[in-house]
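2 protein chains.
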Amino acid sequence: MTQDATQAIETLTALGDIKVWSLIVTVLGDRALDGRFIPSAQIAAVLEPIGVKPDALRVSLHRLRRDDWVVSRRVGRTSEYALSTKGISISRRAAHRIYAAAPARDDWVMIVADTAEQQEMFSARPGAARLTPDVFLVPNLPPCGANLTAKATWPLPGWAVARIVEPDVWQGYERLAIVVRMIRRTVAQAEPGMQDAIRILVLHQWRRLVLRHPDVPDAAIGGAWPGAICRAEVQHLLALIPRAGSA
Amino acid sequence: MTQDATQAIETLTALGDIKVWSLIVTVLGDRALDGRFIPSAQIAAVLEPIGVKPDALRVSLHRLRRDDWVVSRRVGRTSEYALSTKGISISRRAAHRIYAAAPARDDWVMIVADTAEQQEMFSARPGAARLTPDVFLVPNLPPCGANLTAKATWPLPGWAVARIVEPDVWQGYERLAIVVRMIRRTVAQAEPGMQDAIRILVLHQWRRLVLRHPDVPDAAIGGAWPGAICRAEVQHLLALIPRAGSA
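Quick note, the sequences are listed as chains A and B, same order.
According to my numbering, the first sequence is numbered sequentially starting from 1.
According to my numbering, the second sequence is numbered sequentially starting from 1001.
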């Protein structure tokens, strides 16, 4: 099987919707989560193998600045970009899941929300999974006498899993796991510029999936969970490509 | 504090609705759960101190026979009554709870019923407690992959307890426990005929309460549960009065 880096990039891109602004956020989240400024030329260089044109980059950077995702500054004749406070905050929360090598801690409890107010509260809770109108799975619940909590028996039945992970996310994990495993050797041998682009694409596709469902423990979904398999493949690949900022 | 047996009977009677037919079922359930026949004179003798007149007894026995709770036969000039097959079956199920010296086993699970069919099934399940439209507590659930089960954290919050035990049942246990404790010494010193009547009255009042809620473990309700206190008082008293049939 011959696989070169260009083909790897094409395959990863074909896995799903690539938005330029989202790629930029991935780059900054990967290299500048501490809020440091990155020259626009560096961002352009990473995204160029993925086919992002300078015009598209400029438009997206403008949009991100307008929406307060990034901030910019001029240094001599170059522009530099950094995540805004809001951008850092959102990216940090996402990073927690994107770079996790281990599955989520199994401190989830099932909670029965009796009143409309409670149901609204738990619906709004970041990371909670709603299984039925009044039954939620939540991580790390602080003890509270008014709540009816229970330790659910893992794995969850199929209908409950279906409330947590949509079918296209499930399939997305299956496909991404296969692709990431297939390109592993190619990546190890690719030149640094291509490695950087592949790293960003893998992070991007992985992030698109993990942020679409709450981070329930692997045991809750059960044996055939492609999310767990995909996590292992992605972390394995990321370990092969040093983060550009840290090089 | 002077308490005689007559006063004890009056106090127990005042605790709540006394139906003659229900007293008869209590007598037969206590003395003839195996389906043996009891002369009507014996039933009359037990209920006489409670103030049940022969006419009222006759009418109630007739009604119980018509509704297939009891069967009768003539032996010489006396009538004898026994529980019917239906009467035995219902009384056996109740006896399980009425004479239990120990709290219910803690093998209860919480179950989330996802579909209307499942909800109907668990609503119809004897002994199940419905906490919300789709959340049930059930004892002894056979394992089944389609069910979302969980081990609830005891004690349940107040709102869930309120779905299981109605306020007047809660108060009923409190009152019965006090009365049964108060009459303990009187009962030990009473003559056998009065002891028999008191035994039947205590069983009757106790049964009225226990059959009004599912038999959840004491730990589910929590520390202040008067049902557990009342159970201990009732069993203590019953142990003082030998069952007439076994004497």
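Note that beta-carbon positions come from the ideal geometry of N, C-alpha and C, so glycine has one too.
Verify whether the separation of the beta carbon atoms of residue i and residue j is less than 9 Å.
i                : j                : result
I164 of chain A  : H213 of chain A  : yes
A1128 of chain B : L1137 of chain B : yes
R1199 of chain B : S1022 of chain B : no
L1203 of chain B : D1030 of chain B : yes
I1098 of chain B : V1210 of chain B : yes
D107 of chain A  : P157 of chain A  : no
V234 of chain A  : V187 of chain A  : no
T13 of chain A   : L201 of chain A  : yes
A1197 of chain B : L1047 of chain B : yes
A95 of chain A   : L28 of chain A   : no
D249 of chain A  : A190 of chain A  : Since the first residue shown for chain A is 1 and the last is 247, residue 249 of chain A is missing from the structure and cannot be characterised.
W1069 of chain B : I1090 of chain B : yes
V135 of chain A  : V1135 of chain B : yes
R1077 of chain B : P1126 of chain B : no
W154 of chain A  : A219 of chain A  : yes
Q1195 of chain B : L1015 of chain B : no
I1241 of chain B : T1011 of chain B : no
P133 of chain A  : P1167 of chain B : no
For residue i, which residues in chain B fall below 7 Å Cβ to Cβ?
i               : result
N140 of chain A : The premise fails here: N140 of chain A is roughly 15 Å from chain B at the closest Cβ pair, so nothing lies under 7 Å.
P157 of chain A : G1145, A1146, N1147, L1148
D114 of chain A : T1132, W1159
With 9 Å as the threshold, decide whether the Cβ of residue i is near any Cβ in chain A.
i                : result
A1247 of chain B : Summary for A1247 of chain B: the model assigns pLDDT 41, below 50, so the residue's position carries little reliability; its value from the coordinates is reported in the next sentence. Taking Cβ atoms only, chain A never reaches closer than 9 Å to A1247 of chain B, which makes this a no.
T1132 of chain B : yes
N1147 of chain B : yes
V1046 of chain B : no
T1153 of chain B : yes
M1110 of chain B : yes
V1210 of chain B : no
Q1235 of chain B : no
M1001 of chain B : In this predicted model, M1001 of chain B has a pLDDT of only 34, less than 50, meaning its place in the structure is not dependable; the value taken from the coordinates is given anyway. So, not an interface residue.
Can you find a CB in chain B that lies within less than 9 Å of the CB of residue i?
i               : result
I164 of chain A : no
V135 of chain A : yes
Ordered along the chain, which non-local residues of its own chain (more than five positions away) have a Cβ less than 6 Å from that of residue i?
i                : result
I1255 of chain B : Because chain B here runs from 1001 to 1247, residue 1255 of chain B falls outside it and cannot be looked at.
I1088 of chain B : G1035
M1001 of chain B : Residue placement at M1001 of chain B is flagged as unreliable, the pLDDT there being 34, under the threshold of 50; a coordinate-derived value is accordingly withheld.
L131 of chain A  : A160, R163
K86 of chain A   : D68
Between residue i and the rest of its own chain, which residues show a CB-CB distance below 8 Å, the 5 nearest in sequence each way excluded?
i                : result
R74 of chain A   : E80
L238 of chain A  : Y99, R199, V202, L203
L1033 of chain B : L1083, I1088, S1091, R1092, A1095
A247 of chain A  : Residue confidence for A247 of chain A is low, a pLDDT of 41 falling below 50, so the modelled location carries little weight and cannot support an answer.
M121 of chain A  : A113
V52 of chain A   : V20, L23, A44
What does residue i touch in chain A if you count any residue whose Cβ is under 9 Å from its own?
i                : result
P1194 of chain B : A quick correction: the sequence has Met, not Pro, at residue 1194 of chain B. Within chain A, no residue comes near M1194 of chain B; the closest Cβ sits about 46 Å away, beyond 9 Å.
Cutting at 7 Å between CB atoms, please list the residues of its own chain near residue i, excluding the five before and the five after it.
i                : result
S1084 of chain B : D1068, W1069, V1070, V1071
L9 of chain A    : Per the sequence presented here, residue 9 of chain A reads as Ile, with Leu not at that position. These residues qualify, in order along the chain: P49, I50, A197, I198, L201.
I1024 of chain B : I1043, S1060, L1061, L1064
V1216 of chain B : A1104, W1108, A1129, L1137, I1164
Q1119 of chain B : A1113, P1133, D1134
> If you pair each beta-carbon of the region 161-180 of chain A with each one of the region 1161-1177 of chain B, do three or more pairs fall below 8 Å?
Replying inline: no
> Does the region 145-161 of chain A come close enough to the region 97-112 of chain A to have 3 or more Cβ pairs within less than 8 Å?
Replying inline: yes
> Can you find at least 3 beta carbon pairs, one from the region 1054-1063 of chain B and one from the region 1099-1109 of chain B, that sit closer than 8 Å?
Replying inline: Cβ pair count under 8 Å is below three, so no.
> With a cut-off of 8 Å, do at least 3 Cβ pairs link the region 36-43 of chain A to the region 218-228 of chain A?
Replying inline: no
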